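Engineer: Dumping the structure here so I can ask a few things about it.
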Amino acid sequence: MVEQPDVDWAAVDAMDDDAIARQADADADAAPLMDDAAEAAVLAQRARKATGLSQAAFAARVGVPVATLRDWEQGRHVPDSPALALLRVIRDAPQTAIATLTRTPEPS
């Protein structure tokens, strides 16, 4: 029988979702944690929650119908690549992203 190393539970508890995903990606034997739709749903939920906005207000800021946002958050549809990129930016820098999306364009 192979002796298993002790688990550092404090280190495990301190890991955020990105660290867990990186570790799982690095382990060839690890199964995917979520499929693409589930991962996109979590991203959409976290991005919106990071802003503190309601679904209607968030959808208006990012320029999509509220039904589309609900479909993303519930995993019924996966956002396209540009929308996924925008959601990642909003999740990581919500104040800056929302301020930029709210800003009125300068006339040319």
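Here the sequence shown is numbered in the working numbering, starting from 21 and rising by one per residue.
By construction, the Cβ of each residue, glycine as well, lies at the ideal position given by its N, Cα and C atoms.
Keep in mind the model is a prediction, meaning the values are calculated, not measured.
Looking at Ala60 and Val98, is the spacing between their C-beta atoms short of 8 Å?
Structural biologist: yes
Engineer: Tell me, to the nearest whole angstrom, how far the beta carbon of Ile110 is from that of Ala70; I am working on the premise that it is less than 8 Å.
Structural biologist: Between Ile110 and Ala70, the beta carbon gap of about 7 Å places them in contact (Cβ cut-off 8 Å).
Engineer: What's the call for Val82, buried or exposed, on a 16-neighbour Cβ count within 10 Å?
Structural biologist: buried
Engineer: Can you tell me the Cα-Cα spacing of Phe78 and Val84, whole angstroms?
Structural biologist: 9 Å
Engineer: Roughly how many whole angstroms lie between the Cα atoms of Ala64 and Asp33?
Structural biologist: 24 Å
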